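**Q** Position in the sequence shown counted from 1, then plus 5, gives you the working numbering. Sharing a structure below in structure tokens format, with a few things to ask.
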Amino acid sequence: MTNYLMNVSLALLISATSLSSNFANAQATQTDHISERIWADHELGRERFGRNYDHATGYNFTPLVDGTIVALGGNFDGYNRVKLFHRATGNLLAETYVQSSGQWSYSGIQPVDVEAGIQYTVAAYISGPGGSSISNRAERFPLVHGNVQVDGRTYTRIRNNPEVRPTNNSLINIVHGRADAQFVPSEEEPEPIDNSYKLKLGSDFTVMRSGEIGDDLTWHIEKDGARVLQRNASGELRYRYFSNTIGSNIRIWLLEFVDGSYQRVSNIVEYTPGITDQFELELGSDFELSRSGVLGDALTWVIEKDGQVVLERNASNELSYTYFLNVDQSKYRVWLKQFVDGQYQVVSNIIEYEVGQTEFELSVDQQFKLHRDGQLGDQIQWVVEKDGQIVLERLASNELDYTYFNNAAGSSFRVWLKMFVNGEYEVVSNIVSYDVPASFDFELTLGSDFTVSRSGALGDNVNWLVVKDGNVVLQRNAANEISYRYFSNTPGSNISVYLQQFRGGMYVPVSNTVTYNP
């Protein structure tokens with residue numbers, strides 16, 4: 006009688022779990038546009054079943070956006086517990102039983118809110134021959150799966166302790182178990198804690214940021230609604246995403262780790278390769294706009310003033326245009342739109358300007374090149390201070406970039422902009438500072454055929470960095486070579502080469518710079 010009751014109870018429990026699993030799977034089907042099976046939707050490799058385990062095993066993961074875990078799952082043979090933990094605190098956030106027969110199955114849970122930038126663990130508890138594994142040695146963790154980064158696999162022996170929690174993190178892509186979690190990203194737009202950083206988009210999709218080298222920031226890149234990359238931005242003021250697929254919607258912003266979580270601290274730039282790069286806009290003196298293309302292009306100027314669209318004007322019969330009502334202290338954005346596939350689409354880069362601008366943003370890159378915002382024609386001056394003494398005051402109205410000609414080794418510099426306002430000069434920008442090292446760890450020399458040779462030895466943990474016509478075009482491991490010749494020395498271009506090394510959480514120059522013109 007006792008065995009009968011136990012069998013009935015187990016049958017009812019399995020039936021209830023099966024219903025829960027079916028509900029979760031149905032729910033996943035109904036919300037495919039926002040839900041993500043963190044591991045199952047992306048796994049690749051060689052599967053094995055019938056593995057004999059006595060382990061709690063799964064993976065650690067970090068959401069890239071806020072969201073909710075709505076189900077836990079597994080791919081094994083049998084009926085096993087799956088648990089969700091906060092990795093840092095060890096708190097058990099959810100657990101359920103999952104019935105699987107060699108395919109992915111899920112059981113719904115009370116939804117658990119998870120935060121971007123916080124690490125979590127999902128693990129299946131398997132004792133017996135029903136385990137499975139998948140291996141893919143071509144990849145190593147961490148891996149970005151949609152809106153979630155899988156940080157690594159984790160596992161521990163159970164040893165008659167059903168409450169044990171796996172705490173390690175292995176980067177080898179062999180996942181045992183297998184456990185999974187279903188993630189639903191928040192539909193809310195990430196709000197910035199402030200707008201302390203400004204992003205601008207170049208015509209070649211290079212994104213430029215304000216601020217200084219060393220700012221503790223992260224590029225955050227979203228492609229077709231999914232976050233695909235987080236990249237350290239502290240060592241660079243500009244970045245061009247490497248996978249600008251034609252037709253994809255790309256959005257980029259900056260994150261900063263504040264009060265225990267990542268927060269957006271910049272505006273968002275957005276573009277679609279193959280659409281937003283069909284035409285190029287440029288801003289000339291006196292705020293004259295010019296466009297690429299030919300007369301007859303079916304285009305429309307769109308002008309936004311202080312956040313409101315104030316003009317839509319036929320651009321087919323003109324290659325340039327100056328807005329007739331440029332008011333002092335107002336901020337403008339301009340782009341081109343075109344009627345494509347039954348709707349208007351942005352088909353150019355976006356130009357921004359401010360009339361009568363009296364506040365400017367300065368930045369300086371790793372090669373001491375200064376950049377200012379604003380427009381050509383602004384009545385301002387560069388001021389360069391060297392070791393506490395002003396050594397240069399230079400008209401900046403005709404240039405947005407400038408490199409001081411005498412960056413002496415061992416000196417410290419400060420640079421700002423000034424403007425003549427109400428009868429006297431006033432500082433109208435932030436102040437940027439930089440130090441020129443007295444000496445570098447490595448020395449570069451340039452050969453007659455443009456081969457660059459470095460000092461040091463094989464095995465030095467350094468990278469070549471090549472800048473062509475103002476843009477970083479190559480970062481290459483230099484550990485296994487003492488010399489290198491860049492492969493694309495286009496006649497008439499300006500090439501600069503130096504070595505960099507990862508120190509203190511960012512890449513820094515560790516050599517002199519050699520410059521040449523093929």
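For each residue, glycine too, the CB sits at the ideal point set by N, CA and C. Since the model is a prediction, treat every value here as computed from it, not as a measurement.
1) If you pair each beta-carbon of the region 60 to 70 with each one of the region 151 to 168, do three or more pairs fall below 8 Å?
2) To the nearest angstrom, how far is the alpha carbon of N30 from that of Q187?
3) In this structure, how does DSSP classify S438 when only helix, strand and coil are distinguished?
4) Tell me which same chain residues have a C-beta within less than 6 Å of the C-beta of Y512, skipping the five on either side of it?
5) CA-CA distance, E534 and L422?
6) Give the C-beta separation of I218 and L242 to the nearest angstrom, bearing in mind that I take them to be a contact with Cβ-Cβ under 8 Å.
7) My output table needs one value for D291: the three-state DSSP class, helix, strand or coil.
8) Figure out for me which residue from Q108, V457, T172 and E41 has the closest Cα to the Cα of V149.
9) Note down the Cα distance separating G298 from F292, rounded to an integer number of angstroms.
10) Give the C-beta separation of K203 and E364 to the nearest angstrom, bearing in mind that I take them to be a contact with Cβ-Cβ under 8 Å.
11) Could you tell me the alpha carbon to alpha carbon distance between V270 and V75, rounded to whole angstroms?
12) Would you tell me roughly how many angstroms separate the C-alpha atoms of L89 and V127, rounded to the nearest one?
13) Per DSSP, what kind of secondary structure is I226 in: helix, strand or coil?
14) Is the beta carbon of P190 closer than 7 Å to that of N152?
15) Just the Cα atoms here: how many angstroms apart are I273 and K205?
16) Who are H91's beta bridge partners in DSSP?
17) What do you get for I436, buried or exposed, if any count of 16 or more other CB atoms within 10 angstroms of its CB means buried?
18) Going straight from the alpha carbon of W224 to that of E275, what length do you get?
19) I'd like the list of long-range same chain contacts for Y246, defined as Cβ closer than 6 Å, with 5 residues on each side in sequence excluded.
20) Helix, strand or coil for E359, going by three-state DSSP, please let me know.
21) With DSSP as the reference, label V389 as helix, strand or coil.
22) Cutting at 7 Å between CB atoms, please list the residues of its own chain near F507, excluding the five before and the five after it.
23) By alpha-carbon positions, which one of N522, F373 and V339 ends up nearest to L316?
24) In the DSSP assignment, what residue or residues form a beta bridge with E429?
**A** Quick look at the numbers:
1) yes
2) Residue mapping note: residue 30 aligns to position 25 of the sequence shown, counting from 1. Residue mapping note: residue 187 aligns to position 182 of the sequence shown, counting from 1. A caution first: N30 carries a pLDDT of 39, below 50, which makes its placement in the model too unreliable to give a value.
3) Here residue 438 refers to the residue found at position 433 when the sequence shown is read from its first residue. If DSSP states are grouped into helix, strand and coil, S438 belongs with the strands.
4) Here residue 512 refers to the residue found at position 507 when the sequence shown is read from its first residue. Around Y512: G240 and Q505.
5) Examination of residue 534 is not possible in this model, given that the chain is present from 6 through 523 alone.
6) Position 213 of the sequence shown, counted from the first residue, corresponds to residue 218. Position 237 of the sequence shown, counted from the first residue, corresponds to residue 242. About 7 Å separates the two Cβ atoms, so the contact holds.
7) Position 286 of the sequence shown holds residue 291. D291: helix per DSSP, three-state reduction.
8) Residue numbering aside, residue 149 sits at position 144 when the sequence shown is read from its first letter. With distances taken between Cα atoms, V149 lies closest to E41.
9) Locating residue 298 in the sequence shown gives position 293, counting from the first residue. Locating residue 292 in the sequence shown gives position 287, counting from the first residue. G298 and F292: Cα-Cα distance of roughly 20 Å.
10) The sequence position of residue 203 within the sequence shown is 198, counting from 1. The sequence position of residue 364 within the sequence shown is 359, counting from 1. Contact doesn't hold; Cβ gap of about 12 Å is too wide.
11) Here residue 270 corresponds to residue number 265 of the sequence shown, with the count starting at 1. Here residue 75 corresponds to residue number 70 of the sequence shown, with the count starting at 1. Cα to Cα, the separation comes out at about 29 Å.
12) For the purposes of this step, residue 89 is identified with residue 84 of the sequence shown, where counting begins at 1. For the purposes of this step, residue 127 is identified with residue 122 of the sequence shown, where counting begins at 1. Whole-angstrom Cα-Cα distance: 5 Å.
13) As a first step, residue 226 must be located in the sequence shown, where it is residue number 221. If DSSP states are grouped into helix, strand and coil, I226 belongs with the strands.
14) Indexing the sequence shown from 1 puts residue 152 at position 147. Indexing the sequence shown from 1 puts residue 190 at position 185. Yes, they are a contact pair.
15) The count along the sequence shown starts at 1 and reaches residue 273 at position 268. The count along the sequence shown starts at 1 and reaches residue 205 at position 200. Each residue's alpha carbon lies about 9 Å from the other.
16) For the purposes of this step, residue 91 is identified with residue 86 of the sequence shown, where counting begins at 1. DSSP lists Y125 as partners of H91.
17) As a working mapping, residue 436 is identified with position 431 in the sequence shown. Its Cβ having fewer than 16 others within 10 Å, I436 is exposed.
18) Translated into positions along the sequence shown, residue 224 becomes position 219. Translated into positions along the sequence shown, residue 275 becomes position 270. Their backbone Cα atoms lie some 13 Å apart in a straight line.
19) Numbered from its first residue, the sequence shown carries residue 246 at position 241. Correct list, in chain order: I226.
20) Mapped onto the sequence shown, residue 359 falls at position 354. Strand at E359.
21) Here residue 389 refers to the residue found at position 384 when the sequence shown is read from its first residue. Three-state result, V389: strand.
22) Here the question's residue 507 lines up with position 502 in the sequence shown. So no residue of the chain qualifies.
23) Start at 1 with the first residue of the sequence shown, and residue 316 comes out as number 311. L316 has its Cα closest to that of V339, out of N522, F373 and V339.
24) Working through the sequence shown from its first residue, we reach residue 429 at position 424. BP columns for E429 point to V426.
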